Amino acid sequence: MAELLTAATPISYYLVAVNIIAFILYGTDKAKAMHHQWRIKEAVLIGIAFVGGAFGAFAGMIVFHHKTRKMKFRILVPIAIIIWLTLGGFLAERDVVGLTKTDRPKNEYNGTEITPYHSSVDKDGDGMDDQTDILKNALVYVKKRPVYKSRYYQTGYPDDRYGVCTDVVGYALKKSGYDLRELVDKDIRTNPKDYDIDEPDKNIDFRRVKNLRIYFEHTATSLTTDVNDIEQWQGGDIVVFKNHIGVISDRRNVEGVPYVIHHNDPYQKNYEEDILQERTDIVGHFRIS
Numbered sequence: 003m004a005e006l007l008t009a010a011t012p013i014s015y016y017l018v019a020v021n022i023i024a025f026i027l028y029g030t031d032k033a034k035a036m037h038h039q040w041r042i043k044e045a046v047l048i049g050i051a052f053v054g055g056a057f058g059a060f061a062g063m064i065v066f067h068h069k070t071r072k073m074k075f076r077i078l079v080p081i082a083i084i085i086w087l088t089l090g091g092f093l094a095e096r097d098v099v100g101l102t103k104t105d106r107p108k109n110e111y112n113g114t115e116i117t118p119y120h121s122s123v124d125k126d127g128d129g130m131d132d133q134t135d136i137l138k139n140a141l142v143y144v145k146k147r148p149v150y151k152s153r154y155y156q157t158g159y160p161d162d163r164y165g166v167c168t169d170v171v172g173y174a175l176k177k178s179g180y181d182l183r184e185l186v187d188k189d190i191r192t193n194p195k196d197y198d199i200d201e202p203d204k205n206i207d208f209r210r211v212k213n214l215r216i217y218f219e220h221t222a223t224s225l226t227t228d229v230n231d232i233e234q235w236q237g238g239d240i241v242v243f244k245n246h247i248g249v250i251s252d253r254r255n256v257e258g259v260p261y262v263i264h265h266n267d268p269y270q271k272n273y274e275e276d277i278l279q280e281r282t283d284i285v286g287h288f289r290i291s
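This is the structure we're talking about:
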């Protein structure tokens with residue numbers, strides 16, 4: 003529950019508020035009972051526990067010594083607590099509220115040393131080669147904990163907390179000096195038959211996996227799709243699946259196959275995962291420069 007409260011601001015505000023209200027209701031009802039005045043209905047006191055105020059209700063029972071002898075409260079309020087703890091644990095493990103973990107997996111590979119590839123190009127002139135820059139910026143993007151949701155943006159790039167798989171690549175390349183919004187649009191208009199798009203829209207075309215695959219086939223270095231050829235897979239490369247895309251990590255599993263930095267769906271556990279060997283739909287592997 004602590005993870006839920008700290009990571010999902012709208013939910014945390016709601017839970018804090020409803021638990022404070024629950025605590026106040028139990029205290030108010032106790033005071034009214036002592037003065038033989040009108041009472042708050044028991045259904046309300048129990049109900050607020052089940053809509054999120056379970057901890058406030060339980061605290062009110064203990065602090066005000068209220069309803070502690072009534073069996074229904076002694077049973078139902080703890081049940082509500084268990085339900086909310088279980089829900090909190092589930093949400094903390096899944097991306098239902100944007101809680102996909104940003105923790106980086108350990109490098110498990112201890113085999114023959116693989117020399118990291120460094121590009122001779124520094125597109126944005128920041129003193130860091132493109133390959134390293136793309137990898138670094140992909141990690142910066144997922145560190146922001148984007149929530150998986152497809153939306154249309156007049157600016158092309160997402161300007162809120164939402165995003166999809168192509169936005170990992172789009173952000174990484176833009177921050178490295180490659181504005182895919184402009185570059186893909188230009189390539190579409192130069193090679194319209196390759197893309198088969200009736201009406202180009204620069205705000206969304208670069209955020210489609212199929213279009214990025216075609217663009218990279220035109221402009222990037224195409225490499226092996228054999229994941230067992232581990233030396234050819236380098237951090238900062240782009241991997242394209244049939245309906246998905248990601249950035250290759252600089253960390254590897256025990257067999258030397260690199261992890262993938264990606265954003266696949268709302269229920270993804272980690273942004274950086276060991277998925278290359280389990281995927282059978284790899285259709286492209288590219289290096290930008």
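Okay, so the sequence shown: first residue is 3 according to the working numbering, each after it adds one.
Even glycine gets a Cβ: it sits at the ideal position worked out from N, Cα and C.
Please read all numbers here as calculations on a predicted model, not as lab measurements.
- Assignment of residue 217 by DSSP, reduced to helix, strand and coil, places it in the helix class.
- Contact between the stretch 155-167 and the stretch 198-218 is established, with three or more Cβ pairs separated by less than 8 Å.
- In the displayed model, residue 134 falls within a helix according to three-state DSSP.
- By the neighbour-count definition (other C-beta atoms within 10 Å, threshold 16), residue 81 is an exposed residue.
- In this structure, the alpha-carbon of residue 78 lies about 52 Å from that of residue 208.
- 8 Å or more divides the Cβ of residue 266 from the Cβ of residue 211.
- DSSP places residue 288 in the uninterrupted beta strand (DSSP E) bounded by 284-289.
- DSSP places residue 60 inside the alpha helix (DSSP H), whose first and last residues are 56-65.
- Note: residue 224 is bridge-paired with 288 in the DSSP secondary-structure output.
- Within the same chain, and ignoring the five residues on either side of residue 170 in sequence, the residues whose Cβ sits closer than 7 Å to its Cβ are 140, 143, 144, 248, 249, 263, 264, 265.
- Bounds of the beta strand (DSSP E) holding residue 261 are 260-263.
- Straight-line spacing of the CA atoms in residue 270 and residue 147 works out to 11 Å.
- In this structure, the alpha-carbon of residue 45 lies about 40 Å from that of residue 152.
- Beta bridge pairing from DSSP links residue 250 with 262.
- Under the three-state reduction of DSSP output, residue 190 falls in the helix class.
- Residue 236 and residue 64 have their C-alpha atoms some 58 Å from each other.
- For residue 91, DSSP records no beta bridge to any residue.
- Exposed is the label assigned to residue 233, since fewer than 16 other Cβ atoms lie within 10 Å of its Cβ.
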